[in-house]
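Numbering (the working numbering), first residue to last: 948 to 1079. Beta carbons are placed, not taken as given, at the ideal position from N, Cα and C, and that holds for glycine. Notes follow once the structure below has been shown.
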């Protein structure tokens, strides 16, 4: 399963890039910061719309960075479970409760986040022996 970034955040960045770009064009002089700002917002918006945020498999959860190639991989043993506490996500295993860094609900696509929540709940029920 893949959890994408929020479409709203990506579109908002592209709109901001357009507005800042038009402002830069309409102003008589453009500084370096004024010229680079629309490009940065556009790149950020495209990255948000095209990248996966979280990739979930039976034995791994991979969290991709918003920008760049950094990623964090969390290995899941059969007894491990994933818990959502508000907007934060935790990996619970024999060693305790570890927060999945960088994973929050507001950055995720709503439908994908809902499917992730269902997956985590189903996995928790399977691991604790409470089946439906």
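Residues near residue i by beta carbon distance below 8 Å, same chain, minus five either side
i, result
"residue 1034", "1051, 1052 and 1053"
Local conformation of residue i per DSSP, three classes
i, result
"residue 1057", "helix"
"residue 1023", "coil"
"residue 1014", "coil"
"residue 1028", "strand"
"residue 1052", "helix"
"residue 1064", "helix"
"residue 981", "helix"
"residue 1042", "coil"
Sub-8 Å separation of residue i and residue j beta-carbons
i, j, result
"residue 1028", "residue 1010", "no"
"residue 954", "residue 996", "yes"
"residue 1066", "residue 1003", "yes"
Burial state of residue i (16 or more Cβ within 10 Å)
i, result
"residue 1032", "exposed"
"residue 951", "buried"
"residue 1043", "exposed"
"residue 962", "exposed"
"residue 979", "exposed"
Own chain partners of residue i with C-beta closer than 7 Å, once the 5 adjacent residues on each side are dropped
i, result
"residue 964", "985, 988, 989 and 992"
Contact between the stretch 1019-1030 and the stretch 985-997 is defined here as three or more beta-carbon pairs at a separation below 8 Å; is this criterion met?
no
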